[in-house]
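Since the structure comes first, as structure tokens, the remarks are kept for the end.
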Amino acid sequence: MLDKRKRGWWQQAVFYQIYPKSFQDTDGDGVGDLRGIISRLDYLQELGIDGIWLSPVFRSPQVDNGYDVSDYRDIDPMFGTMADMEELIQAAKERQISIIMDLVLNHCSDQHIWFREALKGRENPFHDYFLWRDGGPDTPPNDMESVFGGPAWTYVPALGQWYFHQFAPQQPDLNWENEQVRQALYEMIRFWVDKGVEGFRLDVIDQIGKDPDRKITGNGPRLHFFLEELSREAFREEGLVTVGEAWGADVERARRYSAPDGSELSMVFQFQHMCLDNATWEKWDVAPLSLVKLKACFRDWQEGLYGQGWNSLFLNNHDLPRIVSRWGDEGAYREVSAKMLATMLHGMQGTPYIYQGEELAMANIRLPLEGYQDVEIHNFYNKRLRLGYAHEDIMASIWARGRDNARTPMQWTAGENAGFTTGKPWLAVNEDHKTFNAQAALADPDSVFHYYRKLIQIRKDCPVIRDGRFSLLSPEDEHIFAYSRDMDRAHLLVVCNFTGQDRPFTMPARFCQARTLIANYPEPAESLRPYEARMVYCED
Ligand code: GLC
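Heads up: the sequence shown runs through residues 66 to 605, numbered per my numbering.
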């Protein structure tokens, strides 16, 4: 059992991300809720995870599914009550599961009292909580675009001013230069720590040091000053785990974010590996994945943070398409390839994150445009249409990369609505739940679920997975991802065939007598079979 009072406990932990809207509904309104999560804690305990990263459950108008917070100290009624939240924290703790909340500190909702006050006039004390620039209705301060499409500035006629928002207009950016803003956020964080929350995921945290006049959003000049202050003032509790979302992080920056002295964060979610199959800077244009590049990317991070920082390990989250559809095989090798991808990731150094349904090999969904709920998808569709793209091409991008791929309801059973709700689900349930669901997976000892359970256990049993040095084997091989981990006399080898064909592979001599810890085919063969993965271990 992990001692969570100990510094760095999260280096031995495995986390599980819950997107509450889609996890489990208990009141029949078609939207998941906190009581639903409580009712599934036994399932998560069986999987063996140590903590839950809970996507936002704060009060919110839900323009961006809770990433637009209108009250940081309250629970959205859609998800339940504060009493439910307290019960969840307690019930999870009883199972040695920590709750990690998702803090959106870069921006809030336009319905937050701070913004409603700010709109009242330039003299209002909350006005300076946001970023305003003077100007006429036809002259925005500059041509910056928001991440969801459209201008990053919105005009307020009554004030004769524009406010800055990196996301939707309903998500005004907070002015981190204002010390009162920072102190208000730190106090709010302490409020949740006092309730028993054991860590935080920090939404787009690398964007808080922005300088919109110079068109700088990520990695701004004041970012590290703010992060160090945040860490000092709000995270001083021993043992809190803090995970920053940082799209702009490279290895060097991540060393600073996740420095072992704890001056900033525990670790960051960086996305370099997740951008390798983009054809352009935009995620919507898909290119084939080069395995050689993927391997080099993981190597750079594994070697680059060794002893100098800490990696988070993930292939999925609520913003990314399902990995089995992306780098695996949705067809005949669906479960085999899901296990292969998991093996590749879980043998590395870092803290693994499993996104809900990943342990069931959940896949992407194809809906007509009207079926999608995500604000980003609809903005993207309209933008591409204006640019002259054909409907079919736009839909192909959405099917491949739209965020709702990850947000379809969790598949609990083969029954109606996959056991997610007795009402009408807020987003379509994937038809494939008849085959891929938790009930079936729990009953089948060979399922992807039990494979993940085993991987988690292996990580706990093998210190070399936590601490060993990473070495990439055959970096130029375009089909096989093989690496070793070495620490003192302990050696681990991970071998993964990323293709649907048999591939020759010669076991390095020192591993010939090694013991198989886990594999997705029963016995080893001459060559590696489609999507085969093996993790073997030996000692000198
Ligand atoms: C992060 C979240 C994403 C959200 C955005 C704005 O990228 O993961 O879901 O839309 O920030 O808060």
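Yeah, the Cβ is synthetic: ideal placement off N, Cα and C, and Gly gets one too.
Residue pairing for H230: DSSP places it in no beta bridge. Contact between the segment 147–165 and the segment 287–295 is absent: fewer than 3 CB-CB pairs across the two stretches fall below 8 Å. Annotated three-state conformation of W179 is helix, per DSSP.
CA-to-CA, the gap between Q504 and D469 works out to about 23 Å.
Shown here, R138 sits in a strand according to DSSP, grouped into three states. Beta-bridge analysis with DSSP links F514 to no other residue. In the structure shown, R266 falls within a strand segment according to DSSP collapsed to helix, strand and coil. When the Cα atoms are used, A319 and L359 turn out to be separated by approximately 18 Å. The way I'd put it, the segment 257–264 does touch the segment 163–175; three or more beta-carbon pairs between them come closer than 8 Å. Remark: the shortest separation between the CB of Y132 and any heavy atom of ligand 1 falls under 7 Å.
R449 counts as buried, since at least 16 other C-beta atoms from the protein chains shown sit within 10 angstroms of its C-beta.
Taking the CA atoms as reference points, G309 sits about 42 Å from A590. Secondary structure at P417: strand, using DSSP grouped into helix, strand and coil. In the DSSP annotation of this structure, the continuous segment of the beta strand (DSSP E) that includes H556 starts and ends at A555 to N562. For A465, the enclosing alpha helix (DSSP H) begins and ends at H456 to R466. Using a Cβ distance threshold of 8 Å, G186 and H177 do not count as a contacting pair. The closest CA to that of T478, considering only W464, D350, F501 and I463, is found on F501.
With a contact defined as Cβ atoms closer than 8 Å, L557 and G412 qualify at about 6 Å. The beta carbon of E303 sits no closer than 7 Å to any heavy atom of ligand 1. Taken atom to atom, the span from the alpha-carbon of R534 to that of Y371 is near 7 Å. Of the residues assessed, T345 falls on the exposed side of the cut-off, its CB having fewer than 16 other CB atoms within 10 angstroms. Of the candidates A148, V79 and D98, the residue whose Cα lies closest to the Cα of Q161 is V79. When distances are taken from the beta-carbon of V169 to the heavy atoms of ligand 1, the shortest one is below 7 Å.
Sequence-distant Cβ neighbours of S549 in its own chain, meaning closer than 7 Å and more than five residues away, are S536, L538, H556, L557 and L558.
If you ignore the 5 residues before and after L380, its C-beta comes within less than 7 Å of the C-beta of I388, L406 and L410, all in its own chain and listed in chain order. Secondary structure at C603: strand, using DSSP grouped into helix, strand and coil.
Look at M150 here: in three-state DSSP terms it is helix. Contact between the segment 85–97 and the segment 199–208 is absent, with fewer than three C-beta pairs closer than 8 Å. In terms of Cα proximity to W392, the closest of Y418, D365, A352 and Y420 is A352.
The residue from L239, Y220, R524 and I114 with its alpha-carbon nearest to that of I419 is I114. Between the beta-carbon of V513 and that of E400 there is about 5 Å, and that keeps the pair under the 8 Å contact cut. With contacts defined as CB atoms closer than 8 Å, S87 and M475 qualify as a contacting pair. When secondary structure is reduced to three states using DSSP, N207 falls in the coil class, being assigned neither helix nor strand. The alpha-carbon of Y602 is positioned some 24 Å away from that of E424. Contiguous alpha helix (DSSP H) elements confined to the segment 338–382 occur at 356–370, taking only those with 4 or more residues. Taking the Cβ of D384 as the reference point, at least one heavy atom of ligand 1 falls within a distance shorter than 7 Å.
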